[in-house]
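Since the structure comes first, as structure tokens, the remarks are kept for the end.
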Amino acid sequence: MKFQLDRDGIPYYSLTGRENQIIQPSKLGFEFKNMKPLKSGFEIVNVAIDSLDQTWEQPWGQFERVRDNHKEMVVELREKGDEKRLLNVVFRLFNDGLGFRYVFPGQENVDSLVISNELTQFVFPEEHQVWWAPVHSENSYYESYYRRAPMNETDTINTPATFETNSGYYLAIHEANLTDYASMTLRLEDQNQYQSELVPWANGVKVYGKAPFKTPWRTIIVGTNPGQLAMSNLTLNLNEPCVLADVSWIEPTKYVGIWWGMHLEKYTWGQGPQHGATTENTKRYIDFAARHGFGGVLVEGWNVGWNGNWPENGDLFSFTTSYPDFDLEEVCKYGAKKNVRIIGHHETAGGVSNYEEQLEDAFSLYHKNGVNAVKTGYVNEFLNGKEWHDGQFGVRHYRNVIETAAKYKIMIDNHEPVKGTGLERTYPNLMTQEGGRGQEYNAWSPDGGNTPSHTTVVPFTRMLAGPFDFTPGIFDFHYETASRARPQTTLAKQLALYVIIFSPLQMAADLPENYEENLAFQFVKDVPCNWSNSRVLNAVIGEFVTIVRKDYDSEEWYLGSITNEEGRVFNVNLSFLEENRNYKAQIYQDAEHTHYKTSPETIVIKEKVVDRNSNLKLRLAPGGGTAIRFISVAE
6 MKFQLDRDGI PYYSLTGREN QIIQPSKLGF EFKNMKPLKS GFEIVNVAID SLDQTWEQPW
66 GQFERVRDNH KEMVVELREK GDEKRLLNVV FRLFNDGLGF RYVFPGQENV DSLVISNELT
126 QFVFPEEHQV WWAPVHSENS YYESYYRRAP MNETDTINTP ATFETNSGYY LAIHEANLTD
186 YASMTLRLED QNQYQSELVP WANGVKVYGK APFKTPWRTI IVGTNPGQLA MSNLTLNLNE
246 PCVLADVSWI EPTKYVGIWW GMHLEKYTWG QGPQHGATTE NTKRYIDFAA RHGFGGVLVE
306 GWNVGWNGNW PENGDLFSFT TSYPDFDLEE VCKYGAKKNV RIIGHHETAG GVSNYEEQLE
366 DAFSLYHKNG VNAVKTGYVN EFLNGKEWHD GQFGVRHYRN VIETAAKYKI MIDNHEPVKG
426 TGLERTYPNL MTQEGGRGQE YNAWSPDGGN TPSHTTVVPF TRMLAGPFDF TPGIFDFHYE
486 TASRARPQTT LAKQLALYVI IFSPLQMAAD LPENYEENLA FQFVKDVPCN WSNSRVLNAV
546 IGEFVTIVRK DYDSEEWYLG SITNEEGRVF NVNLSFLEEN RNYKAQIYQD AEHTHYKTSP
606 ETIVIKEKVV DRNSNLKLRL APGGGTAIRF ISVAE
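Take the sequence shown: its position 165, counting from 1, is numbered 170 in this note's numbering, and each next residue is one higher.
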């Protein structure tokens, strides 16, 4: 990484890798509503160089241990004019990329900051292909397909944005440690050039701050293949260490729930003859979870506020009052006897003020009844009727929820969120988020459901932002809904998604009756949701991906491999397995004539003894996949 000032005192940074120009000299700076810009006329006051090489442990993740190995350069800038305002830029260079942030030191001439524009540029040496998703034009919470296009055919795009370069590099631009600031999007500013575009408040201001003040890190992850992007820990390393003194209550969990039935219109969220969240029905789900080893039951629609047009009436939700046919205390006690916890649910419909007024009481109620995980929701284009989910207002709210939940030892699964930026390192009770097209689109989406290629793209785009509550595990492919949507996958691919899509709160999403007597359900019961090691064995974005992961609590490994609408056959080397050990491979694969359109549920289950010198031939049907459990056995 190189930093420089030109003759006008304009700051630039650039990035090279193995003598290839990755980012050409790109400007840095700000514009404000309450003072003149900070973008030129600088001189360098001081440059401080440092380095760090340490390893830290996570209570959950794709890896148990994470190495943080970087060099740091702090450039202290000062205006040459009368005001002599100060601005520092902090760079951290890793083997797999760069992070940098702005720091406004405490100073006489700068107190409050009313930022109208952040002027960070990303100038590329040539036009690349980019996997991108639009900003707000389709929805407010990142639930769009990523699409591949030449950079100069895009407009304003969300991050993470993933670039395929002509020189063979893969790049991802994103941000880390989004704290009390607006989310960054990227606006195509000129040929081969993006500039940061902060999501505004309703009044047009981008960010309110007060010196001393730090921005989030702007990140550029670099790899020679897509898997290196997916396995990077750069974003986590740019977040602060865990601030929770005790994390023993944080428990990665697989769960079932009263949820998919609503999407299929078997149940309703509101009161009536089909109300899903009844005491009786919840006990039935608890019994199922207990029989099959699931730790939780999600219950949606239990509280007052769901009747009528709830997405437009978020202020009517009560987060402490149950409907008459649901007894929170009773179902929690019933579950405790069977070692199954209720997973709470707070849908706000974007009514943030109403939610925050009840937040302490709502978490206190759940804590008193032994609930240690809550799914939150914000189904509305705006928060409080006017603010974007990913503006500074939303960022402040979501952080308030995470911090308040931690006080009551509650884990959060956040739907309709602001994008992930690695905050789970600091607050590991932020377990997982939605922020992408999940399984629910396969129930009601007018376009027929997620395409077969969708889940071959998200590991290298959406999931660079962190865990994804996609909710895999649909076994019934023949339900009828008004939209005629359904999963465009095979059953084996639904199993493989438990390995491909990481989430430490992982759902078995289908109705309980669709799992009974199905031998493939054994994989869902066996597969962990917390890992000590992870690797991408092969991948072409949008076509196929194979990932292996090692269980956090045992010596078992798991493999997931999925494809798009094209069937394919390839060999995988098992050198990731431990030396001098044999393993029993329990293989769940597509049958010879399986096809996601005509025969998605056909599956072959078999076993084979393998070791690290073995090669396995994987045959993936169109829209299909393979899932494998590797169990260490005595020779």
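Even glycine gets a Cβ: it sits at the ideal position worked out from N, Cα and C. Predicted model, so just to flag it, every value in this text is computed and none were measured.
Under the 10 Å beta carbon count, Lys211 is surrounded by 16 or more other beta carbons and is classified as buried. Within the model, the alpha-carbon separation for Gly214 versus Pro257 is close to 36 Å.
For Arg153, the number of other beta carbons within 10 angstroms of its own is below 16, and it is reported as exposed. Apart from sequence neighbours up to five positions away, the residues of its chain that approach Asn535 with a beta-carbon distance below 6 Å are Trp65, Pro257, Pro509 and Tyr557, ordered along the chain. DSSP places Tyr175 in the strand class (E or B) of the three-state scheme.
Counting the other CB atoms within 10 Å of its CB gives Arg430 a total of 16 or more, which places it among the buried residues.
Annotated three-state conformation of Met6 is coil, per DSSP. Counting only runs of 3+ residues, the beta strand (DSSP E) found wholly inside the stretch 465-526 occupies 510-512, in chain order. In terms of CA proximity to Leu82, Val95 leads the group Ser145, Ser369, Val95 and Ala235. The closest CA to that of Pro477, considering only Leu469, Ala490 and Asn447, is found on Asn447. Within the DSSP secondary-structure output, Gln233 pairs in no beta bridge. Contact between Gly298 and Lys530 holds: their C-beta atoms lie close to 6 Å from each other, under 8 Å. Between Gln9 and Ser539, the beta carbon gap of about 38 Å keeps them out of contact (Cβ cut-off 8 Å). Taken through DSSP and simplified to helix, strand or coil, Trp536 comes out as strand. When the alpha-carbon of Asn144 is set against those of Glu305, Trp206 and Val423, the nearest one is in Val423. A check of alpha carbon separations from Glu352 across Ile27, Lys342, Ala341 and Leu364 identifies Leu364 as the nearest. Annotation for Ile263: the continuous beta strand (DSSP E) segment containing it runs Thr258 to Ile263. Nearest neighbour of Gln112 by Cα position, chosen from Leu98, Thr125 and Arg90, turns out to be Arg90. In the DSSP assignment, Gln363 falls within the alpha helix (DSSP H) that extends over Val357 to Lys373.
Taking C-alpha positions only, Ser488 is separated from Ser327 by approximately 32 Å.
Note: Asn25 is bridge-paired with Gly22 in the DSSP secondary-structure output. Under the 10 Å beta carbon count, Lys555 is surrounded by 16 or more other beta carbons and is classified as buried. If you ignore the 5 residues before and after Trp136, its C-beta comes within less than 6 Å of the C-beta of Tyr151, Arg153, Thr167 and Thr466, all in its own chain and listed in chain order. Of Lys380, His483 and Asn74, the smallest CA-CA separation from Met436 is found for Lys380. Glu305 and Val345 have their C-alpha atoms some 16 Å from each other. Assignment of Asn314 by DSSP, reduced to helix, strand and coil, places it in the coil class. When Asp320, Ala367, Ser323 and Tyr290 are compared, the shortest CA-CA separation from Tyr339 is found for Tyr290. Burial is judged here by how many other beta carbons sit within 10 angstroms of a residue's own beta carbon; Gln279 has fewer than 16 and is exposed. In this structure Leu303 does not touch Pro433 by the C-beta definition: roughly 20 Å separates them, more than the 8 Å allowed. In the DSSP assignment, Arg401 falls within the unbroken alpha helix (DSSP H) covering Gln397 to Lys412. Leaving aside the five residues that flank Glu335 on each side, the residues in its chain whose CB is nearer than 7 Å to its CB run, in chain order, Thr284. In this structure, the CA atom of Met512 is about 40 Å from the CA atom of Asn122. For His280, the secondary structure class from DSSP, reduced to helix, strand or coil, is strand.
With three or more CB-CB distances shorter than 8 Å, the stretch 127-134 counts as touching the stretch 193-200. In this structure, the alpha-carbon of Glu518 lies about 26 Å from that of Thr456. When DSSP states are grouped into helix, strand and coil, His75 belongs to the strand group.
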